[in-house]
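Student: Residue numbers (our numbering): 631 to 781. Yeah, the Cβ is synthetic: ideal placement off N, Cα and C, and Gly gets one too. Sharing a structure below in structure tokens format, with a few things to ask.
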């Protein structure tokens with residue numbers, strides 16, 4: 631796994647009324663600091679990739695639908711530089727995914743239901759100087775394809 635990437639398995643406490651699922655707590659070992667929280671709604675098939683940050687970590691959790699998330703370590707000097715990880719998050723795999731700064735990431739919404747992705751970045755968004763670097767979703771710099779692989 632890419633250095634600094636962490637996965638927290640989330641537990642649904644279900645009963646006849648529905649369920650409750652804790653996502654992130656201040657006393658979680660995975661937690662570092664709070665910058666802001668936001669939700670991103672994505673239609674099926676939409677790809678949002680690639681981007682990375684210099685000063686913030688991201689914490690992804692999908693509370694509706696499913697996404698295929700890909701991470702690529704761009705950090706010079708990292709013991710996992712050039713490594714690629716893939717994760718599936720959402721209804722069928724409730725996890726919290728920590729994406730460290732300097733790691734390029736993107737995702738694709740799977741299935742027929744829009745995805746709702748919650749992110750808890752460690753820094754608030756700065757409109758004047760966004761901490762965001764981008765590459766096209768189909769860049770040749772990252773050895774990844776968003777196509778479904780038949781197995």
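Output needed for residue 702: all residues of its chain with C-beta closer than 6 Å, excluding positions within five of it in sequence on either side, in chain order.
Tutor: So the qualifying residues of the chain are 714, 734, 772.
Student: Quick one: what's residue 685 bridged to in DSSP?
Tutor: Partner(s): none; residue 685 has no beta bridge.
Student: For residue 644, list the residues DSSP reports as bridge partners.
Tutor: DSSP output for residue 644 lists 649 as bridge partner(s).
Student: Ordered along the chain, which non-local residues of its own chain (more than five positions away) have a Cβ less than 8 Å from that of residue 732?
Tutor: Closer than 8 Å at the Cβ level, and outside the excluded window around residue 732, lie 682, 683, 684, 703, 704, 705, 708.
Student: Helix, strand or coil for residue 720, going by three-state DSSP, please let me know.
Tutor: Note: residue 720 maps to strand in three-state DSSP.
Student: Thinking C-beta only, is residue 641 closer than 8 Å to residue 727?
Tutor: No. Outside cutoff.
Student: Measuring alpha carbon to alpha carbon, tell me which of 712, 729, 710, 697 ends up nearest residue 719.
Tutor: Of the listed residues, the one whose Cα sits closest to residue 719 is 697.
Student: With a threshold of 8 Å on Cβ separation, who are the neighbours of residue 722 within its own chain once the five nearest residues in sequence on each side are excluded?
Tutor: If we look at residue 722 and ignore the five residues flanking it on each side, its Cβ neighbours are 696.
Student: Decide if residue 739 is buried, meaning its Cβ has at least 16 other Cβ atoms within 10 Å, or exposed.
Tutor: Buried, since its Cβ has 16 or more Cβ neighbours within 10 Å.
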